[in-house]
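Asks:
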Amino acid sequence: MVIAVASGKGGTGKTTIAINLALSLANVHFLDCDVEEPNAHIFLKPEITYAEWVNIPVPKVNEDRCTYCGKCAEVCAYNAIAVIKEKMLLFSELCHGCGGCSLLCPEDAIEEINRPIGILEKGKASSILFTHGKLNLGEALAVPLVRAVKKASPEINPNNNQAISNNQVTIIDVPPGTSCPVIESVKRSDFCLLVTEPTPFGLN
1 MVIAVASGKG GTGKTTIAIN LALSLANVHF LDCDVEEPNA HIFLKPEITY AEWVNIPVPK
61 VNEDRCTYCG KCAEVCAYNA IAVIKEKMLL FSELCHGCGG CSLLCPEDAI EEINRPIGIL
121 EKGKASSILF THGKLNLGEA LAVPLVRAVK KASPEINPNN NQAISNNQVT IIDVPPGTSC
181 PVIESVKRSD FCLLVTEPTP FGLN
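Per the UniProt record's numbering, the sequence shown runs over residues 1 to 204.
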């Protein structure tokens, strides 16, 4: 069973609810998907035993092969590539790593290199399996890191070789709001528990 704990805004007590829900159950895997401001580790105090960088592929142009035809810029929905006369401008912070530019380049002048966006950490807090992500400072692209955190759970990721324990429950601490990282965090959950507060902002 996968339970996502979400809220429409910050400060409602969402993380407190998620942590106490995890502590009250046996056989729990806790995923802190609030990768921009992860804080569940402050309360659970897990012993981190594994860490790895999470990367996205971004384009690197071979200027010797590039004819500046502009097809790569045309296909990029996020304006991460601009072609001005005989100059190629790359904005890797805008790139979502779809690979369209390298696939459609007629001169095969674009290769992909990895750009780290954050770190994934795993550990254990007493009997609770713990996974969270920490997005690099100033990084805007949180969804790939959220996806990497969720892949750590065999209940969510069928390709995860880790065996699922009997009656294991995965608790997801979702980022606040309704942005793309929230949608990615809630995906494939069996239940979504919404935490709110009796204020005008909480109602809205």
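Note that beta-carbon positions come from the ideal geometry of N, C-alpha and C, so glycine has one too.
Please report the straight-line C-alpha distance between A125 and E93, rounded to a whole angstrom.
Replies: Here residue 125 is taken as the residue at index 125 of the sequence shown, counted from 1. Here residue 93 is taken as the residue at index 93 of the sequence shown, counted from 1. Computed Cα separation, rounded: 34 Å.
Asks: To which residues of the same chain is residue 210 closer than 7 Å at the C-beta, ignoring the five residues directly before and after it?
Replies: With the chain covering 1 to 204 only, the question about residue 210 has no answer from this structure.
Asks: If you pair each beta-carbon of the region 24-33 with each one of the region 96-111, do three or more pairs fall below 8 Å?
Replies: No: fewer than three Cβ pairs fall under 8 Å.
Asks: Are C33 and I172 closer than 7 Å when you measure CB to CB?
Replies: Here residue 33 corresponds to residue number 33 of the sequence shown, with the count starting at 1. Here residue 172 corresponds to residue number 172 of the sequence shown, with the count starting at 1. Yes.
Asks: Per the DSSP calculation, H96 is bridged to which residue(s)?
Replies: To locate residue 96, count along the sequence shown from 1; it is residue 96. Answer is none; H96 lacks a bridge partner.
Asks: Looking only at its chain, what residues have a beta carbon closer than 8 Å to the beta carbon of Y78, apart from the 5 residues adjacent to it on each side?
Replies: The residue labelled residue 78 in the question sits at position 78 within the sequence shown. Counting only Cβ-Cβ distances below 8 Å, and skipping sequence neighbours, we find L94, C95, H96.
Asks: Could you give the residue range of the beta strand (DSSP E) that holds N27?
Replies: Here residue 27 refers to the residue found at position 27 when the sequence shown is read from its first residue. Note, N27: premise wrong, no beta strand (DSSP E); not H, not E.
Asks: Contact between the region 50-63 and the region 116-135: three or more CB pairs below 8 Å?
Replies: Yes: the two stretches touch, three or more of their Cβ pairs being nearer than 8 Å.
Asks: Between L193 and A18, what straight-line distance do the alpha-carbon atoms span, to the nearest angstrom?
Replies: On the sequence shown, position 193 is the one that residue 193 refers to. On the sequence shown, position 18 is the one that residue 18 refers to. Roughly 9 Å separates the two Cα atoms.
Asks: Looking at the unbroken alpha helix (DSSP H) that takes in I42, where does it start and where does it end?
Replies: As a first step, residue 42 is located in the sequence shown; it is residue number 42 there, counting from the start. Residues 40-44.
Asks: Roughly how many whole angstroms lie between the Cα atoms of T170 and S102?
Replies: As a working note, residue 170 is residue 170 in the sequence shown. As a working note, residue 102 is residue 102 in the sequence shown. About 37 Å.
Asks: What's the call for T49, buried or exposed, on a 16-neighbour Cβ count within 10 Å?
Replies: Reading the sequence shown from its first residue, position 49 is the one you call residue 49. T49 comes out exposed.
Asks: In chain order, what residues of the same chain have a beta carbon less than 6 Å from the beta carbon of I128, not counting five sequence neighbours either side?
Replies: Along the sequence shown, read from residue 1 onward, the residue named residue 128 stands at position 128. Closer than 6 Å at the Cβ level, and outside the excluded window around I128, lie A22, V28, F30.
Asks: So, helix, strand or coil for I156, using DSSP?
Replies: The sequence position of residue 156 within the sequence shown is 156, counting from 1. If DSSP states are grouped into helix, strand and coil, I156 belongs with coil.
Asks: If you follow the alpha helix (DSSP H) that E121 is in, where does it begin and where does it stop?
Replies: Start at 1 with the first residue of the sequence shown, and residue 121 comes out as number 121. E121 -> not in any alpha helix (DSSP H); beta strand (DSSP E) instead, spanning 110-125.
Asks: Are the beta-carbon atoms belonging to E36 and A140 less than 7 Å from one another?
Replies: The residue labelled residue 36 in the question sits at position 36 within the sequence shown. The residue labelled residue 140 in the question sits at position 140 within the sequence shown. Cβ atoms of E36 and A140: not closer than 7 Å.
Asks: In angstroms, rounded to a whole number, what distance separates the CA positions of residue 216 and V182?
Replies: Only positions 1 to 204 of the chain appear in the structure, and residue 216 is not among them; the question remains open.
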